[in-house]
Each structure stands twice: as C-alpha cells, then as structure tokens.
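Asks: Handing you a structure now.
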Amino acid sequence: MLDLRRTLALLLPLSLMAIGVMLVDRATAVRSWQDYGNYHAYGLRQAQFALLALLAFFLAWRTTVPFWQNWAWSMWAITVVLNGFLLVPGWSIAAGGAARWLKLGDLVIAPAGLMLLTTCLVLPLLPRRRWMLALLMGESLLLAAQPDFSQIPVLWAAGLTVLVLKGNFGLREGLAGALGLLLFSGLAWLHPYVQGRIYNVLWPIPGQGGEDYLGLRRMWAEAGWWGQGFTWRQESYYISSPEDDYLFAFLAHKLGWVAAVLLVIAYLAWVWAVWPRRWEKYWQGDYPLMVRGALLAWLGSAAALHFLTNSGWFPITTINLPWMSWGGTGLITTAWAAGLAAGMVGKEEGEYAGAG
67 MLDLRRTLAL
77 LLPLSLMAIG
87 VMLVDRATAV
97 RSWQDYGNYH
107 AYGLRQAQFA
117 LLALLAFFLA
127 WRTTVPFWQN
137 WAWSMWAITV
147 VLNGFLLVPG
157 WSIAAGGAAR
167 WLKLGDLVIA
177 PAGLMLLTTC
187 LVLPLLPRRR
197 WMLALLMGES
207 LLLAAQPDFS
217 QIPVLWAAGL
227 TVLVLKGNFG
237 LREGLAGALG
247 LLLFSGLAWL
257 HPYVQGRIYN
267 VLWPIPGQGG
277 EDYLGLRRMW
287 AEAGWWGQGF
297 TWRQESYYIS
307 SPEDDYLFAF
317 LAHKLGWVAA
327 VLLVIAYLAW
337 VWAVWPRRWE
347 KYWQGDYPLM
357 VRGALLAWLG
367 SAAALHFLTN
377 SGWFPITTIN
387 LPWMSWGGTG
397 LITTAWAAGL
407 AAGMVGKEEG
417 EYAGAG
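In structure tokens, the structure reads:
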C-alpha cells in the first residue's frame with residue numbers, strides 16, 4: 067500500500083501536468099492565432115512552463131525538509147515584498163480590475179502563489195497561535211488590496227489547518243479566526259470587484275461582464291456524458307483569453323461529464339496518497355507533518371474552488387487548478403509543493419529527507 071501511495075504521489079501531478087499542457091494548447095488555439103498567427107503559441111509556452119515545473123517538482127522531492135525549514139523566513143520575506151510591489155503603479159499587470167502579475171523587466175510573475183507556498187513553510191515555525199493569526203490577517207489585507215480575493219480562502223484553509231494541528235486550539239483562537247474570516251468576507255462583499263462577480267454569477271448579462279458565466283453554462287449544458295470532442299480551430303469559442311481559467315469546464319465540454327468526474331477522482335486520489343497515516347505525530351508539533359497538512363489544505367482547497375468556479379457556483383474565476391492551469395508561476399509553485407509533499411510520503415517515522 068505504501069508503494070502505491072508513493073507512486074500516486076509522484077505520477078498523478080506529473081500526469082495531470084501533461085494533460086494540462088494539451089488542454090491549454092487546445093483551449094487557446096483561436097487566441098494564439100489572433101495574437102501570434104500560430105495556433106500553438108500559448109500551448110508551446112505552457113510546455114516550457116511545464117518543463118520548469120518538472121524541474122521544481124524533482125528538486126523539492128529530493129531536497130531535505132530541514133533545508134526548507136532553515137530558509138523559510140527568508141523566502142517568505144521575499145515573496146511578501148514581491149506582493150507589495152503589485153500595489154506600486156506601473157509595476158503590475160491587471161486583469162479584470164485586479165493586479166495579478168508583477169512585471170520585472172522581461173520577467174512576469176504572479177507572486178500570490180509564491181507567498182502561499184512560503185506561508186505553508188513559516189506558519190508551523192511560529193510558537194504562538196496569535197502570531198499565526200496576525201500573519202494570516204496581514205497577508206489577507208495585502209491580497210485584498212490588490213484585490214485578489216480568490217487566494218484568501220486558500221490561504222486561510224492552509225493557515226487554519228496548521229492552527230488546528232498545533233494542538234490546544236481553544237475557543238479564543240477559534241473566535242479570532244472566525245472574526246477574521248467574517249471581516250474579510252465583509253471586505254470582499256463591499257468591494258466593487260467582488261460585487262460585480264457575484265452579480266454576474268446570479269444575473270449574467272452579455273456585454274456587462276456576464277458573458278463568461280453564460281459561456282460556462284453553455285459549455286456544461288452542451289457537454290453531455292461524452293463531450294463534444296475537439297474541433298480544430300474552434301477550441302476557445304467560449305474562452306476569451308488563456309488567463310481566464312476555465313480549464314475544468316473546457317475539459318467537460320470537450321471530453322464530457324465522465325472525464326470531469328475522473329479528474330475530480332484523480333485529485334482525491336492524490337489527497338489520499340499524500341495524507342499522513344500517523345495522526346499522533348501532528349499533536350506533537352512535528353514540523354514536516356504540519357507543512358504537509360498545510361500543503362494538502364492549500365492544493366486541495368484550490369482544486370475544489372476551481373471546480374466550483376468552473377461549474378458556476380462560486381463568484382471568482384481566477385483560481386488556478388494545481389498542475390494544470392495556464393501560467394508559469396502557478397504551475398511551478400504548485401509543482402514545487404507537490405514535490406515537497408511527495409517526498410514526505412511514508413516518512414511518518416524516522417528521517418524526513420526527500421525521497422530515497
């Protein structure tokens with residue numbers, strides 16, 4: 067059984083990454099032709115990102131946990147500064163009224179995912195739960211200022227997981243966490259960006275921001291059990307750009323509801339493979355297992371939110387599907403997290419080195 071878990075922890079992210087390259091290539095064919103006169107421009111770029119993500123996966127898999135523990139705070143500080151730069155006029159690239167990418171010369175990165183990864187590494191190092199809550203609140207404010215509300219639920223999923231695994235999670239900490247979530251839910255509700263998203267989900271109107279949600283509904287209605295198949299040069303009929311992350315809906319439209327269900331099962335299988343089997347280690351404050359729990363909560367909640375948004379049930383459309391969605395930073399970051407988690411499978415006892 068352990069060999070099966072290790073195999074799934076390694077092969078599932080890599081297999082889904084390869085499938086993601088193919089889907090991105092098909093989904094962006096029309097946009098690639100419009101922008102570059104080549105049907106495979108975005109697909110080839112995604113393949114390059116996947117090669118870098120593959121390298122990140124194996125580096126994380128083979129690197130010992132103490133290395134990340136020693137460098138966690140330095141890496142976290144760098145990622146927080148990068149997210150702060152998103153608020154500087156002229157440094158960021160916006161999408162839908164929200165700063166998403168940081169432009170550093172010819173390099174364009176999405177720093178929110180990098181901050182999520184390093185947060186999973188530093189939270190278990192904080193000795194007091196109130197400090198952990200303060201860190202989560204500060205990062206949430208930074209994300210809300212961009213605004214990037216899609217990452218806040220994922221951040222809190224990872225953070226609250228570590229808080230619980232720290233043990234002795236009392237009423238005071240629970241109330242503080244609940245108040246924090248209510249605060250940012252209120253901020254999100256008052257923000258015009260989120261109000262527009264919610265309005266478009268409930269009452270989508272073409273030409274007023276609702277066309278993408280109407281497109282999602284059409285994709286699912288037309289999908290059927292076995293899908294519409296791939297029609298060359300018509301793959302992005304309902305997808306306005308590669309940055310609009312509708313990969314799950316696109317897969318369902320082309321390959322059917324059966325393929326969509328199988329994809330959900332694949333992510334659940336990865337969670338089962340990486341899930342620790344010795345819970346008592348958590349309550350001893352074990353750093354590697356708390357990191358593992360945070361990574362599981364982050365990637366698992368991100369996948370769940372992607373499935374919900376692509377089904378039209380959640381008013382945020384920019385949450386990446388781990389290992390599959392368009393984009394270099396998100397793909398590399400989630401691959402790095404999966405590699406780190408895969409290296410811990412079967413390490414509930416003894417040394418928490420990388421694989422091998």
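Residue numbers for the sequence shown follow this note's numbering, beginning at 67 and rising by one.
All C-beta atoms, glycine included, are put in the ideal place defined by N, C-alpha and C.
Given the structure is predicted, the values throughout are model-derived calculations rather than measurements.
#1: Is A107 near S98, with beta carbons less than 8 Å apart?
#2: Contact check, V220 vs L361 under 8 Å by CB: the rounded distance?
#3: When you compare only the Cα positions, how much space is there between L189 and L78?
#4: Cutting at 7 Å between CB atoms, please list the residues of its own chain near I159, excluding the five before and the five after it.
#5: For the candidate residues F115, A335, Q100 and W379, whose alpha-carbon lies nearest to that of M88?
#6: Does the beta-carbon of W137 have 16 or more other beta-carbons within 10 angstroms, so that it is buried, or is it exposed?
#7: By the 10 Å Cβ neighbour count, where 16 or more other Cβ atoms means buried, how is I398 classified, buried or exposed?
#8: Measuring alpha carbon to alpha carbon, tell me which residue in K232, W389 and A369 is nearest F380.
#9: Under the three-state reduction of DSSP, which class applies to K232: helix, strand or coil?
#10: L120 and A407 - do their beta-carbons sit closer together than 8 Å?
#11: G378 to S81, Cα distance in whole Å?
#12: Return yes when the Cβ of L201 is within less than 8 Å of the Cβ of L208, no when it is not.
#13: What is the residue span of the beta strand (DSSP E) that V174 lies within?
#14: Near R71, which residues of its chain fall below 8 Å by C-beta distance, leaving aside the five closest residues on each side in sequence?
#15: Does DSSP classify L48 as helix, strand or coil?
#16: Among residues of its own chain, excluding the 5 on either side of T184, which ones have a beta-carbon nearer than 7 Å to its beta-carbon?
#17: Give me the Cα-Cα distance between M356 and R111, rounded to the nearest whole angstrom.
#18: Would you mind reading off the limits of the alpha helix (DSSP H) that contains T145?
#19: If I'm right that V324 touches W291 with Cβ under 8 Å, what's the distance once you round it to whole angstroms?
#20: Are the Cβ atoms of L282 and N386 separated by less than 8 Å?
#21: According to DSSP, simplified to helix, strand and coil, what is L170?
#22: Would you kindly check if the distance between the Cβ of L317 and the Cβ of A326 is under 8 Å?
#23: Taking its Cβ as the centre, do 16 or more other Cβ atoms sit within 10 Å of V90, making it buried, or is it exposed?
#24: What are the boundary residues of the alpha helix (DSSP H) that P79 is part of?
#25: Identify which residue in F151, E205 and W389 has its Cα closest to the Cα of A75.
#26: Locate the alpha helix (DSSP H) running through S206, then write down its first and last residues.
#27: With H, G and I counted as helix, E and B as strand and the rest as coil, what does DSSP make of I218?
#28: Look up I398 in the DSSP assignment and say whether it is helix, strand or coil.
#29: Going by DSSP, name the residue or residues bridged to S158.
#30: Using 8 Å for Cβ pairs, my map puts A403 next to L365. What's the rounded Cβ distance?
#31: What did DSSP end up calling G322 once you bin it into helix, strand or coil?
#32: Is it buried or exposed for V131, if we count other Cβ within 10 angstroms and need 16 for buried?
#33: Whose C-alpha, out of L148, L280 and L68, is nearest the C-alpha of T395?
#34: The alpha helix (DSSP H) spanning H372 covers which residue range?
#35: With H, G and I counted as helix, E and B as strand and the rest as coil, what does DSSP make of P190?
Replies: In this structure, then:
#1: yes
#2: With 8 Å as the limit, V220 and L361 do not qualify as a contact, their Cβ atoms being about 11 Å apart.
#3: 27 Å
#4: R166, W167, K169 and V174
#5: F115
#6: exposed
#7: buried
#8: A369
#9: coil
#10: no
#11: 26 Å
#12: no
#13: L173 to I175
#14: W338, A339, V340, V411 and G412
#15: This structure leaves residue 48 out entirely; the chain is present only between 67 and 422.
#16: A138, M141, W142 and T145
#17: 35 Å
#18: V131 to F151
#19: 6 Å
#20: no
#21: strand
#22: yes
#23: buried
#24: L68 to A93
#25: W389
#26: R195 to A211
#27: helix
#28: helix
#29: L168
#30: 6 Å
#31: helix
#32: buried
#33: L148
#34: Y353 to N376
#35: helix
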